[in-house]
Amino acid sequence: MGKKVRKAVLPVAGLGTRVLPGAKTTPKNLLNVVDRPILSYVVAEARAAGIEHLIFITGRGQGVIEDYFDHHVELETQLAAKGKTDILAQVRRDVGQPGEMSFIRQMAPLGLGHAIWCARDVIGDEPFAVMLPDMLMAAKRAPLAQAVDAYEKVGGNIIVVEPAPEGETHKYGIVALEKQDGRLNRMTGMVEKPPLGTEPSNLFISGRYILQPEIFGILQTQGRGAGGEIQLTDAMAGLMTTQDFHALEYEGTTFDCGDKIGLLRANVAFALARPDIADEARAAIKALL
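See below:
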């Protein structure tokens with residue numbers, strides 16, 4: 121097997137237009153799910169998958185993301201002085217370890233492919249993960265860890281997928297498979313938002329990838345695609361002509377937190393999954409209904 125997957129790229133530079141006005145002054149990935157920012161859960165997922173280096177691709181006005189993963193000395197001192205050790209431990213849980221995190225400014229909103237390309241020098245000649253933080257995943261085993269397991273079996277490139285809701289394949293990037301047998305299958309292509317009835321499968325690309333570094337050479341010279349942006353799917357399609365791609369149907373549930381209702385669903389689901397507040401959350405929801 122090739123090199124270990126040690127690094128993950130987290131593109132966080134989006135404006136969060138679907139969750140405005142909440143994302144006007146707070147980056148959308150720092151909006152809360154229960155009592156933690158969305159990014160807190162995604163970073164925990166990366167760490168659970170053995171990721172050693174997290175690379176955040178940020179935009180203008182998002183320095184607060186870097187601050188969130190740093191120590192807040194005054195707050196921590198006050199919590200310690202007041203003996204609030206449980207809260208202090210929660211605050212410190214997300215703090216980056218020395219050398220664990222890098223922050224790269226994208227400078228211009230030129231698309232997901234461009235955001236990934238910005239990480240090329242930090243990634244170097246290694247396979248790497250991509251985690252779209254909007255897509256918050258709940259699973260017994262960290263979804264990215266499931267992808268790493270698949271990578272260690274078959275190598276190449278891994279795309280995490282899941283079934284699209286009935287009648288909604290036209291809203292997503294859909295994978296084409298050599299055959300559909302079990303949860304891990306070789307891919308033959310990808311189609312972005314296929315018209316209903318033309319989709320090659322019902323499996324959509326859901327926000328976790330493991331890619332080989334040759335993708336950077338393709339992104340370097342790739343022109344703009346849909347929406348006038350440099351599209352990652354276009355680069356992956358190019359890489360697929362020379363390298364294997366497998367789709368992994370992961371075990372878990374995805375919440376699109378870049379959408380108001382998706383963010384609401386995530387808050388409800390994660391609250392109900394928390395032993396410390398589940399009963400109160402359930403009672404509160406029932407009372408509202």
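For the sequence shown, our numbering gives the first residue as 121, with consecutive numbering after it.
For every residue, glycine included, the Cβ atom is placed at its ideal position computed from N, Cα and C.
With contacts defined as CB atoms closer than 8 Å, LEU174 and ALA168 fail to qualify as a contacting pair.
Distance from the CA of LEU140 to the CA of GLY122, rounded to the nearest whole angstrom, comes to 43 Å.
Its chain contains LYS123, ARG126, LYS127 and PRO333 as the residues whose beta carbon lies nearer than 7 Å to that of GLU246, once the 5 sequence neighbours on both sides are disregarded; these appear in chain order. By the criterion of a C-beta distance shorter than 6 Å, GLU298 is surrounded in its chain by ARG306 and THR308, once the five residues flanking it on both sides are discounted.
Here ALA262 is buried. Its C-beta has 16 or more other C-beta atoms within 10 Å. The three-state secondary structure of TYR370, taken from DSSP, is coil.
Sequence-distant partners of ALA143 (beyond 5 residues in either direction) whose C-beta falls short of 8 Å from its own C-beta, in its chain, are LEU135, GLY136, THR137 and LEU151. When the Cα atoms are used, GLN340 and LEU408 turn out to be separated by approximately 52 Å.
The distance from the Cβ of HIS234 to that of ILE350 is about 4 Å, consistent with a contact at the 8 Å cut-off. Here TYR292 carries a coil assignment [DSSP, helix/strand/coil]. Scanning the region 292-360 from its first residue to its last, the whole beta strand (DSSP E) runs of 3-plus residues come out as 293-297, 304-312 and 323-331. By the Cβ test, the region 349-363 is not in contact with the region 257-271, since fewer than three Cβ pairs between them sit closer than 8 Å.
At a Cβ-Cβ threshold of 8 Å, GLY216 and PHE189 count as neighbours. Per DSSP, reduced to three states, the secondary structure at THR178 is strand. In this model, PRO320 and LEU264 are separated by some 25 Å (Cα to Cα).
Boundaries of the alpha helix (DSSP H) around ILE207: 205-213. Rounded to whole angstroms, LYS406 and THR361 show a C-alpha spacing of 52 Å.
Here ALA367 is not near VAL311, since their CB atoms are 8 Å or more apart. As the crow flies, the alpha-carbon of GLY378 is around 19 Å from that of ALA259. Where GLU400 is concerned, the enclosing alpha helix (DSSP H) starts and stops at 398-408. In the DSSP assignment, GLU282 falls outside any alpha helix (DSSP H) and lies within the beta strand (DSSP E) extending over 277-283. Contact between the region 387-404 and the region 152-160 is established, with three or more Cβ pairs separated by less than 8 Å. Looking at ILE338, GLY293 and THR146, the one whose alpha-carbon comes closest to that of LEU359 is ILE338. VAL129 is positioned such that its CB atom lies closer than 8 Å to that of ALA239. In the DSSP assignment, LYS380 falls outside any beta strand (DSSP E) and lies within the alpha helix (DSSP H) extending over 380-392.
Taking GLU369 as the centre and dropping the five residues before and after it, the same chain places the C-beta of VAL281, GLU282, ARG303 and LEU323 closer than 7 Å to its C-beta, in chain order. Rounded to the nearest whole angstrom, the C-alpha separation of SER160 and ALA201 is 25 Å. Its chain contains THR146, PRO147 and LEU150 as the residues whose beta carbon lies nearer than 8 Å to that of VAL184, once the 5 sequence neighbours on both sides are disregarded; these appear in chain order. Taking a 10 Å sphere around the C-beta of VAL193, we find fewer than 16 other C-beta atoms and assign the residue as exposed. Taking 8 Å as the cut-off, the beta carbon of PHE365 is found closer than this to the beta carbon of GLY276.
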